[in-house]
Amino acid sequence: MNYQSTRSNYTADSLNAVLQGPAPDGGLFIDPCMESRPFDWQACLRLDTIDMAKTILKALLPDFKDMDSLVEKAYRGRFESDDITPLVKVGPAHILELFRGPTSAFKDVALSMLPQLMTAAMAQSGEKKQVLILTATSGDTGKAALEGFHDVNGIRIMVFYPHNGVSPVQEKQMTSQQGENVCVCAVKGNFDDCQTGVKNAFRELSSWAQDHGYRLSSANSINIGRLAPQTVYYFSAYRDLVNSGEISLGDKVDFCVPTGNFGDILAGYWAKMMGLPVGKLICASNKNRILTDFFTTGVYDARREFFKTSSPSMDILVSSNLERLLFLAMDKDTAKVSRCMDELKTKGFYKVEPEVLARLQKDFTADCCTEEESAKAIADVWKSYSYLMDPHTSVAWHCAMRNKGSNPVVVLSTASPYKFPRSVLSALGEETSDNGFELMDRLHELTGIPVPENLAGLKEKKTRFNEVIENNAIVDYVKEALWK
Ligand SMILES: *Cc1c(COP(=O)(O)O)cnc(C)c1O
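Sequential numbering from 0 applies to the sequence shown in numbering that gives the first Met the number 0.
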């Protein structure tokens, strides 16, 4: 039983933690002894990325019987190369490209692995029910989850996205999804309405689903099955720096992470706890700078204006995975963590003690970036180094440059620029339009950078799903869709 809830002494083994998603008390699963578990990180650095993933996932999720074959099925031949996440030297930094997967989003790294983990956990624990995954998405998670879960035995997936709230490219990616076990539906309203609708469906349908042979689950990043695979690329980046002679084994490396729900950067902290010589973890935010304020003042205050920016996957005011970091920084005091989470819910803010803040500041630096600074970073890096960044990566680049110390810095790149052609073209000073596919072509003509295959073929794909529903109709939609 190496996982426990952040809010009580409820425990689960790694199989059940993956199946459950959040803990029943509303907390998140975490391994409270991660730091003291023996792990030979130096031996791990001698492996290629796929073998590295096997070793790391066996350590983090020890109850899975055949991790080697699960990792093979998830990754071999499914990314642009079996490096999975290449590291590229760009000017004074290194960019870790996490977007070389089947949907050109960093979410692919975790969502390629999660279906393997879920089906294995179902088989090993004797789960007879089918799993029904309900997901609300602001764009990227939906497609990566569809791609990961389509035609997986024993699992069905339904994705809900805001009508007129995702980019044309993202919408076509989802509505053209193949697979017999998938459903995609637009919801009138914004992303928060979708998310509320899906949360209500979870509450209202969970016993109905049980009676009909289904178990509800989520593909959200609060699942440890999504977090664990993300620790791997911190190791692979470090290995690549050693192998190219940029650093010697044992040197510290800083990582700058464009942050939304705090999953990606938390995985970096896990890598550090497993022994990897990580220096600072730089938490990069856009104009929604709630995390920057928190790491500076110790007050997490969600009572503020919400901004829609050109890095939509980072437009978030409640970073769920921060709860796991709090648990560690608060000496695993579940009562304290629960109190903070309650206060956030009831009052809209909480404050941590000065000792806790000091502990956080030892490992984390936080900074933020305006829309103008983000656009300027895209243009500058293109002009100086002929490297094209998407508007999430550019937020991190900006923060990395401003906080660079003496350690080498790795900037995590979370999306292909071709997923956001409008913002990228506009950053480069070009005219734009509403036609995402035309803009992709224009960006290609301008830069000569190849369009990822999955995006290039999208225009010709047939739309399979075109339903638009009211946000209070999600429950009925789910019930009906299950019997089609
Ligand atoms: C999800 C996402 C992020 C944020 O990652 P978190 O793990 O939620 O912090 C950043 N960039 C892109 C493109 C994303 O899709």
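Positions of the beta carbon are idealized from the N, C-alpha and C atoms, including for glycine.
Give the C-beta separation of V231 and I55 to the nearest angstrom, bearing in mind that I take them to be a contact with Cβ-Cβ under 8 Å. The residue given as residue 231 occupies position 232 in the sequence shown. The residue given as residue 55 occupies position 56 in the sequence shown. That pair is a contact at about 5 Å.
Taking only the alpha-carbon atoms, compute the straight-line gap between V168 and N8 and give it to the nearest angstrom. The sequence position of residue 168 within the sequence shown is 169, counting from 1. The sequence position of residue 8 within the sequence shown is 9, counting from 1. Answer to the nearest angstrom: the Cα atoms are 44 Å apart.
Beta-carbon spacing of I29, R323 below 8 Å: Taking the first residue of the sequence shown as position 1, residue 29 is located at position 30. Taking the first residue of the sequence shown as position 1, residue 323 is located at position 324. Yes, these two residues count as a Cβ contact at 8 Å.
Are the segment 359-372 and the segment 386-399 touching, with three or more C-beta to C-beta distances below 8 Å? yes
From which residue to which residue does the alpha helix (DSSP H) around M272 run? Sequence index remark: in the sequence shown, residue 272 carries index 273 (1-based). Note, M272: alpha helix (DSSP H), G262 to M272.
At what residues does the beta strand (DSSP E) containing Q3 begin and finish? To locate residue 3, count along the sequence shown from 1; it is residue 4. Residues Y2 to S4.
Is it true that the CB of Y233 sits closer than 8 Å to the CB of V277? Within the sequence shown, numbered from 1, the residue matching residue 277 stands at position 278. Within the sequence shown, numbered from 1, the residue matching residue 233 stands at position 234. Cβ distance < 8 Å, so V277 and Y233 count as in contact.
Using the rule of at least 16 other Cβ atoms within 10 Å of the residue's Cβ for burial, across every protein chain shown, is F78 buried or exposed? If you number the sequence shown from 1, residue 78 lands on position 79. Buried, by the Cβ-count rule.
Beta-ladder partner(s) of E437, from DSSP: Position 438 of the sequence shown, counting from 1, holds the residue named residue 437. Answer is none; E437 lacks a bridge partner.
Going by alpha carbons, who is nearest to I519 out of E459, V474, N1 and N470? A query on residue 519 cannot be resolved here, the shown segment of the chain reaching from 0 to 483 and no further.
Answer yes or no: do L133 and M157 have a C-beta to C-beta separation smaller than 8 Å? In the sequence shown, counting from the first residue as 1, residue 133 sits at position 134. In the sequence shown, counting from the first residue as 1, residue 157 sits at position 158. A contact, by the Cβ cut-off of 8 Å.
Taking only runs of the beta strand (DSSP E) that begin and end inside the segment 129-160, which ones reach a length of at least 3 residues, in chain order? 129-135
Report the CB separation of G20 from S217 in whole angstroms; it is logged as a contact under 8 Å. Along the sequence shown, read from residue 1 onward, the residue named residue 20 stands at position 21. Along the sequence shown, read from residue 1 onward, the residue named residue 217 stands at position 218. Contact flag correct, Cβ pair sits at about 5 Å.
Where does S422 land, buried or exposed, given buried means 16+ other C-beta within 10 angstroms? By 1-based counting over the sequence shown, the position of residue 422 is 423. Its Cβ being crowded by 16 or more others within 10 Å, S422 is buried.
Helix or strand or just coil, what does DSSP make of G278? Taking the sequence shown and counting its residues from 1, the one referred to as residue 278 is at position 279. The answer is strand: DSSP assigns G278 an E or B state.
Whole-angstrom C-beta distance between P257 and T413, which should lie under 8 Å: Taking the first residue of the sequence shown as position 1, residue 413 is located at position 414. Taking the first residue of the sequence shown as position 1, residue 257 is located at position 258. Sure, about 5 Å apart at Cβ, within 8 Å.
Which stretch, first to last residue, makes up the beta strand (DSSP E) that contains D379? In the sequence shown, residue 379 corresponds to position 380, counting from 1. Where D379 is concerned, there is no enclosing beta strand (DSSP E), although the alpha helix (DSSP H) it sits in stretches over E370 to Y384.
Closest residue to R225 among D150, V87, L14 and A472 (Cα-Cα distance): Taking the first residue of the sequence shown as position 1, residue 225 is located at position 226. Among D150, V87, L14 and A472, the Cα nearest to that of R225 belongs to L14.
Flag Y258 as yes when its Cβ comes closer than 7 Å to any non-hydrogen atom of ligand 1, and as no otherwise. The sequence position of residue 258 within the sequence shown is 259, counting from 1. Correcting the residue type first, residue 258 is Thr in the shown sequence and not Tyr. It does: the Cβ of T258 is within 7 Å (strictly closer) of some heavy atom of ligand 1.
For the beta strand (DSSP E) containing C93, list its first residue and its last residue. Within the sequence shown, the letter at position 94 stands for residue 93. Checking the displayed sequence, the identity of residue 93 turns out to be His instead of Cys. Note, H93: beta strand (DSSP E), A92 to E96.
Measuring from the CB of S220, is there a heavy atom of ligand 1 at a distance below 7 Å? By one-based count along the sequence shown, residue 220 stands at place 221. Correct: S220 has its Cβ closer than 7 Å to ligand 1.
Less than 6 Å between C-beta atoms, sequence neighbours within five positions excluded: which residues of the same chain meet that for A376? For the purposes of this step, residue 376 is taken as residue 377 along the sequence shown, with counting starting at 1. Answer for A376: S393, W396 and H397, listed in chain order.
Please say whether E179 and D150 have beta carbons closer to each other than 8 Å? Taking the sequence shown and counting its residues from 1, the one referred to as residue 150 is at position 151. Taking the sequence shown and counting its residues from 1, the one referred to as residue 179 is at position 180. For D150 and E179, yes; Cβs fall inside 8 Å.
In the structure shown, what three-state DSSP assignment does Y9 receive? Start at 1 with the first residue of the sequence shown, and residue 9 comes out as number 10. In the structure shown, Y9 sits in coil (DSSP, three-state: anything other than H, G, I, E or B).
Looking at the strands, I want to know which residues DSSP matches up with T364. Counting from 1 along the sequence shown, the entry for residue 364 is found at position 365. Per DSSP, I281.
Which two residues bound the contiguous beta strand (DSSP E) that contains Y213? In the sequence shown, counting from the first residue as 1, residue 213 sits at position 214. Start and end: Y213 to S216.
Using 8 Å as the threshold, is the segment 300-314 in touch with the segment 336-355, meaning 3 or more CB pairs across them? yes
T230: CB within 7 Å of a non-hydrogen atom of ligand 1: Position 231 of the sequence shown, counted from the first residue, corresponds to residue 230. No, since every heavy atom of ligand 1 falls outside the 7 Å radius drawn around the Cβ of T230.
At a threshold of 7 Å, does H397 count as lining ligand 1 (C-beta to nearest heavy atom)? For the purposes of this step, residue 397 is taken as the residue at position 398 of the sequence shown. Every heavy atom of ligand 1 is 7 Å or more from the Cβ of H397, so no.
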